[in-house]
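Structure record follows, encoded as structure tokens.
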Amino acid sequence: MPPHGCERKRDQDVPAEESKSKPSGSPLVVLGIETSCDETAASVVSWDGAARGRILSNVVRSQLAEHRPYGGVVPEIAARAHVDCLDAIIAAALDQAGVSLADLSGIAATAGPGLNGGLVVGLVTGKALALASGKPFLAINHLEAHALTVGLTDGLPPPYLMLLVSGGHTQTLLVEDVGRYRRLGTTIDDAVGEAFDKTAKLLGLGYPGGPEVERAARSGDPARFPLPRPMLGRAEPHFSLAGLKTALRQRAEAAAPLSERDIADLCAAFEAAVCDVIADRVARAMELAEPAFGPGVPRWLTVAGGVAANKSISAALSKVAGEHGFSLAVPPPALCTDNGAMIAWAGAERLARGLVDGLDFAAKPRWPLDPGAPAAIGAGVKA
Ligand code: KG4
Ligand code: ZN
């Protein structure tokens, strides 16, 4: 373990010659801890240098029930819930994997971005376990873990393009290598999942809103309520959802009181607009990413985040990928949403490259993957 206080420079910190590292000798076995939002998760992953890793356990406890009455994640409630159950979740992950702390090669915990209280809970626990066991500690960027998941599930090597669409994030990212990421597009206002959640709330549907809106949209007519497609055709690859949400509210107010049919039609209109926007913004990211793929290099698009579960959105992505010569790789839903396996896998990738962290590594509620990307685009952009 490095001495305390020797945190390495974290952004863009993998020199090209180091980036092909694979574990040699015995497999790496890494515990991953995730507490950045409303899932308490722990997992053990092993990697013997083969293209993919092996998930030995993957335990996730969602806090949906605690947050549902408030229609969104309440940071204080989230942090307390992590404190209450993290020890048991880690014990279950080790138990199901059939390993003890002594068998681990390293301990990885999400250090950011996310809600500070939750991050501190996972980080302090990971550091304490590393200190007690004498194992290396790995502070993981949650976005990097999402970005690297297709390596774990499909053995897909960089470069590839990635769309992250969750309740807190909306980004297109070029994964050039492990540790080298270029953010192409981001949202200038709401995240896509957040827009689904707000739409559901407005229409009196439950939380989380994405699955509710998708269910209602199935029987709706997307053409009855025309909605705008913000940013469509714009050269900069960013997203904007706020105008769409406002237009939907105006349509809903004009049609009130809303019948089941009205709600279904509004949901269908909203979903269709989001599909068009995502397809257009991803197409623009593909154009911008083109120089990163040399001749003959396969072009891959991968997706992460809860919104990836939406069938219309994945169909739209599949279509736009095909039109631009890209193949689409979508990890299983349980690995698209927040989980410990992606943290353990990112930990294994970093450990194989000797990129371990000091026990003084502080939580980073804001931690963009691409330090070169502008921090703010328009009003209040999310990292
Ligand atoms: O990745 P995730 O589980 O958690 C974080 O945000 O970190 O994503 C949750 C988000 C919520 O906003 C939820 O409404 C959205 O993903 N979501 C969906 C669907 N399932 C979940 N959005 C659209 N369609 C879905 N089927
Ligand atoms: Zn996430």
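When the letters of the sequence shown are read in order and numbered with the numbering used here, they come out as residues 101 to 483. Beta carbons are placed, not taken as given, at the ideal position from N, Cα and C, and that holds for glycine.
Subject >> Residues near aspartate 314 by beta carbon distance below 6 Å, same chain, minus five either side >> reply: Strictly speaking, residue 314 in this sequence is glutamate, with aspartate absent from that position. Within the same chain, glutamate 314 has close Cβ partners Asn410.
Subject >> Simplified DSSP state of arginine 324, which is helix, strand or coil >> reply: coil
Original post:
How big is the Cα-Cα spacing for asparagine 241 and alanine 462?
Top reply: 12 Å
Subject >> Distance, threonine 225 Cα to leucine 156 Cα >> reply: 20 Å
Original post:
Between aspartate 470 and arginine 283, is the Cβ-Cβ spacing less than 8 Å?
Top reply: yes
Original post:
Would the beta-carbon of asparagine 410 be found less than 7 Å away from any heavy atom of the ligand KG4?
Top reply: yes
Subject >> Own chain residues within Cβ distance below 8 Å of phenylalanine 393, not counting five before or after >> reply: Pro259 and Arg399
Original post:
Cβ-heavy atom distance between histidine 242 and the ligand ZN below 7 Å?
Top reply: yes
**OP:** Leaving aside the five residues before and after glutamate 176 along the sequence, list all residues of the same chain whose C-beta is less than 8 Å from its C-beta, in chain order.
**Re:** Gly217
Original post:
So, are the CB atoms of serine 266 and glycine 293 less than 8 Å apart?
Top reply: yes
Original post:
What whole-angstrom Cβ distance do leucine 263 and valine 403 have, given they're in contact under 8 Å?
Top reply: 5 Å
Subject >> Cross-strand partners of aspartate 277 (DSSP beta bridge) >> reply: Arg280
Subject >> Three-way DSSP call (helix, strand, coil) for glycine 480 in this model >> reply: Reliability of the predicted coordinates at glycine 480 is poor, the pLDDT of 40 falling under 50, and the value obtained from them is presented with this limitation in mind. In the structure shown, glycine 480 sits in coil (DSSP, three-state: anything other than H, G, I, E or B).
**OP:** Keeping to the same chain, check which residues put their C-beta closer than 7 Å to that of proline 127; ignore five residues upstream and five downstream.
**Re:** Ser146, Trp147 and Asp148
**OP:** Could you check the C-alpha separation between proline 164 and glutamine 196 for me, to the nearest Å?
**Re:** Looking at the sequence shown, residue 164 is not proline but leucine. Leucine 164 and glutamine 196: Cα-Cα distance of roughly 24 Å.
Subject >> glutamine 271 and threonine 249 closer than 8 Å at C-beta >> reply: no
Original post:
If you pair each beta-carbon of the stretch 383–393 with each one of the stretch 333–340, do three or more pairs fall below 8 Å?
Top reply: yes
Original post:
Cβ atoms of serine 136 and valine 159: under 8 Å apart, would you say?
Top reply: no
Original post:
Buried or exposed: where does alanine 389 fall if 16 or more other Cβ atoms within 10 Å of its Cβ makes it buried?
Top reply: buried
**OP:** Count the other CB atoms, across all protein chains shown, that sit within 10 Å of the CB of glycine 396; report buried if there are 16 or more and exposed otherwise.
**Re:** exposed
Original post:
What is the DSSP secondary structure of glycine 406, counted as helix, strand or coil?
Top reply: helix
Original post:
Since leucine 128 is in the beta strand (DSSP E), which residue starts that stretch and which ends it?
Top reply: 128–134
Original post:
Between histidine 246 and the ligand ZN, is the CB less than 7 Å from at least one heavy atom?
Top reply: yes
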